[in-house]
Structures are given as C-alpha cells and as structure tokens.
Amino acid sequence: QEEFTWEGLGMVVGGAEVAPLGIRSNRILYYGALIAQDIRKEVHRTLGYTCSAGVAHNKLLAKLGSAMNKPNNQVVFPMDAVEKHLHDLPLGKLRSLGGKLGQRVISQGYETAGQVRSLSLERLRRMVGESAEHIRLVCHGICTEPVRDRGKAKSMLAAKTFRPIREWKEIRYFASLLVKDLAPRVREDLERNERWPTILSIRYTCAAKGSVSRSVKCPQKPSDDLEHNMEETIIQALKNDSQSRPCSGLSIT
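Quick note: the sequence shown uses our numbering, first residue 268, plus one each step.
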C-alpha cells in the first residue's frame with residue numbers, strides 16, 4: 268500500500284499541516300509534485316541543468332511557487348495556504364499586475380494583494396474600470412485560464428561569446444560548436460513538425476563594426492552533410508566581410 272507523505276517533494280507553502288493528504292485536492296497536488304520531481308531529475312540527467320517547479324491548482328499559483336525555491340527545488344502551493352501567503356505579497360509579483368495595470372492600483376495606495384482584497388468590487392471598479400474583477404480574482408489566487416501549449420517555436424538560436432580572435436581556425440572552432448548545438452534541433456523539428464528552415468541568420472561581433480547580421484539561405488534538405496554545410500555557410504559569410512575580424516561573438520538563428 269502506498270504511503271503518502273510530502274517528505275522529499277519540496278516545500279509546501281504554509282507547511283504540510285495545511286495540505287493533509289487525505290483530502291482529494293491535496294492528493295492531486297501530491298501526484299503533480301511526483302511528476303514535477305521526475306521531470307526535474309530527467310532534465311538534470313539528460314542536459315545537466317537544474318530547474319525549479321511550482322505545483323498548484325492553477326498556473327498563477329504555480330508560477331509564484333516556481334520562483335520561491337530556486338534554483339533546484341520545487342514548491343507545492345495548496346489552496347488553503349493562499350489567503351495567508353498572498354496577504355502581504357506585493358502586487359507586482361502577481362501575474363499581469365507587474366506593469367501599468369498594477370501601477371494604477373499601487374498609485375492609489377494599495378500595494379499588496381491583501382490590501383486590494385479589502386476593497387469592495389465597486390471601489391475597485393472606480394479605480395480600474397472593467398479590469399476590477401480580474402484584479403480581484405488574481406489577489407485571491409484564482410485563475411481560470413487554461414494552460415496552453417506554446418506551439419511551434421518560431422526560431423532556434425545558438426550563440427557564443429569569446430575573446431577577440433583573428434585566426435580562421437579558431438573562428439571555425441566556435442562555428443562548429445554552434446552547428447553541433449543547432450543542427451540536431453533542426454532535424455528533430457523536421458521529424459516533429461515536418462518543416463525545414465529557409466533562412467539562416469548569422470550575427471557576429473567585430474571590432475570595426477560592432478554587431479553585424481547577415482541572412483543567407485539555409486542549407487536545404489536534411490543530409491549527413493548538414494553540419495558541414497552549415498559551418499561552411501557561416502565561415503563564408505564572415506569571409507565575405509573584410510572587417511569581420513577580430514571577432515568576439517557569434518550566433519546563428
């Protein structure tokens with residue numbers, strides 16, 4: 268029989284006592300925390316990166332939680348901890364309230380979520396108009412927006428900065444590093460999304476001109492020579508510019 272415990276699953280906002288695992292809603296968070304832990308471990312195993320995670324019943328609270336235990340841990344945000352934790356939270360830390368909308372409220376002397384919660388809806392409407400209901404919900408930790416897939420990436424980037432260098436052998440070395448990073452992602456994108464890039468944007472930093480950008484045709488059709496062709500395209504773009512050296516930065520998109 269499975270033993271349910273928060274131990275080892277990161278920080279629980281408000282403490283484990285506010286999230287008893289006998290309650291179904293908290294049990295859902297428990298399984299979410301297990302999944303988040305597995306994802307973080309797999310990211311570290313395969314890529315060597317650490318990451319944080321927030322586990323909650325909506326993306327507003329999950330985003331808050333993910334920032335609370337960086338850089339290599341996770342936070343579970345049960346609903347019973349929301350009122351107390353958000354009470355003194357600055358408005359600017361809440362999703363959608365870090366810009367002009369939040370400043371309109373702050374300029375009236377209400378700087379925390381708790382202070383805004385003390386306002387009547389009518390008073391808030393006089394301050395911010397039709398945005399009042401949204402602000403009120405956010406300050407109560409309520410968010411009904413679904414989590415959406417971000418969709419296909421519009422571009423892919425690989426970049427390196429280094430000490431100023433003039434020798435083509437050294438420049439080619441850094442070009443090859445970029446290509447080894449980007450080419451596998453291009454192939455993976457072809458397999459997943461059935462598309463192939465048409466333009467390769469090359470940006471380099473040189474002493475004479477600063478940052479320079481060049482756009483060329485991307486090597487067409489996947490092949491075993493993709494890495495070589497991309498590398499040669501980068502080098503040729505720099506050789507076409509007599510002032511490209513010394514070079515101190517290189518990126519391809």
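Yeah, the Cβ is synthetic: ideal placement off N, Cα and C, and Gly gets one too. These figures come from a predicted structure and were not determined experimentally.
Can you give me the Cβ contacts of Ser387 inside the same chain, cut-off strictly under 8 Å, excluding the 5 residues immediately before and after it?
Here residue 387 refers to the residue found at position 120 when the sequence shown is read from its first residue. None.
Hey, how far is the Cα of Ser525 from the Cα of Arg294?
Because the chain in this structure spans residues 268 to 520, residue 525 falls outside the shown range and cannot be described.
Does the beta-carbon of His311 have 16 or more other beta-carbons within 10 angstroms, so that it is buried, or is it exposed?
Taking the first residue of the sequence shown as 1, we reach residue 311 at position 44. Answer is exposed; the Cβ neighbour count stays below 16.
Looking at C-alpha atoms only, which residue of Glu455, Ile373, Leu358 and Tyr471 is the closest neighbour of Ala420?
Position 153 of the sequence shown, counting from 1, holds the residue named residue 420. Selected option, being the one with the closest Cα: Glu455.
How long is the line joining the alpha carbons of Glu378 and Gln370, rounded to whole angstroms?
In the sequence shown, residue 378 corresponds to position 111, counting from 1. In the sequence shown, residue 370 corresponds to position 103, counting from 1. Straight across, the Cα-Cα distance linking Glu378 with Gln370 is about 9 Å.
Determine the closest residue to His352 out of Leu368, Leu328, Arg433 and Thr428, with distance taken between C-alpha atoms.
If you number the sequence shown from 1, residue 352 lands on position 85. His352 has its Cα closest to that of Leu328, out of Leu368, Leu328, Arg433 and Thr428.
Could you check what DSSP says for Cys410 in three-state terms: helix, strand or coil?
Within the sequence shown, residue 410 is the residue found at index 143, counting from 1. In the structure shown, Cys410 sits in coil (DSSP, three-state: anything other than H, G, I, E or B).
What did DSSP end up calling Ile472 once you bin it into helix, strand or coil?
Against the sequence shown, residue 472 aligns to sequence position 205. Before going further, note that residue 472 is Thr rather than Ile in the sequence given. Note: Thr472 maps to strand in three-state DSSP.
Quick one: what does DSSP say Arg481 is sitting in, helix, strand or coil?
Taking the sequence shown and counting its residues from 1, the one referred to as residue 481 is at position 214. Arg481: strand per DSSP, three-state reduction.
Might you give, ordered along the chain, the residues of its own chain that have their beta carbon closer than 6 Å to the beta carbon of Glu434, omitting 5 neighbours on each side?
Residue numbering aside, residue 434 sits at position 167 when the sequence shown is read from its first letter. The answer is none, since no qualifying residue turns up.
Give every residue of the same chain whose Cβ lies closer than 6 Å to the Cβ of Lys337, excluding the five residues on either side of it in the sequence, and list them in chain order.
Counting from one through the sequence shown, the residue named residue 337 turns up at place 70. So the list reads Ser319, once near-sequence residues are dropped.
In terms of residue numbering, what span does the alpha helix (DSSP H) encompassing Arg294 cover?
The residue you call residue 294 lines up with position 27 of the sequence shown. Arg294 -> alpha helix (DSSP H) spans Arg291 to Leu314.
Please list the terminal residues of the continuous beta strand (DSSP E) segment that includes Thr379.
By one-based count along the sequence shown, residue 379 stands at place 112. Neither: Thr379 is in no beta strand (DSSP E) and is coded neither H nor E.
Going by C-alpha distance, which of Val446, Asn507, Ile290 and Thr317 is nearest Cys485?
Within the sequence shown, residue 485 is the residue found at index 218, counting from 1. Of Val446, Asn507, Ile290 and Thr317, the residue nearest in Cα terms is Val446.
Can you give me the C-alpha to C-alpha distance between Gly516 and Gln503, rounded to a whole angstrom?
The residue given as residue 516 occupies position 249 in the sequence shown. The residue given as residue 503 occupies position 236 in the sequence shown. If you take the alpha carbons of Gly516 and Gln503, they lie about 16 Å apart.
Would Val405 and Ser363 be called neighbours here (beta carbons separated by less than 8 Å)?
For this step, residue 405 is matched to residue 138 along the sequence shown. For this step, residue 363 is matched to residue 96 along the sequence shown. Their beta carbons are under 8 Å apart, which means Val405 touches Ser363 by this criterion.
Starting from the Cα of Asp508, find the closest Cα among Gly281, Cys473, Leu493 and Asp492 and give me that residue.
Indexing the sequence shown from 1 puts residue 508 at position 241. Cys473 is the residue among Gly281, Cys473, Leu493 and Asp492 whose C-alpha sits nearest the C-alpha of Asp508.
When the distance is taken between beta carbons, is Ala426 closer than 8 Å to Ser518?
The residue given as residue 518 occupies position 251 in the sequence shown. The residue given as residue 426 occupies position 159 in the sequence shown. A contact, by the Cβ cut-off of 8 Å.
Straight-line CA distance for Pro451 to Met423?
Indexing the sequence shown from 1 puts residue 451 at position 184. Indexing the sequence shown from 1 puts residue 423 at position 156. Between the C-alpha atoms of Pro451 and Met423 there is a straight-line separation of about 11 Å.
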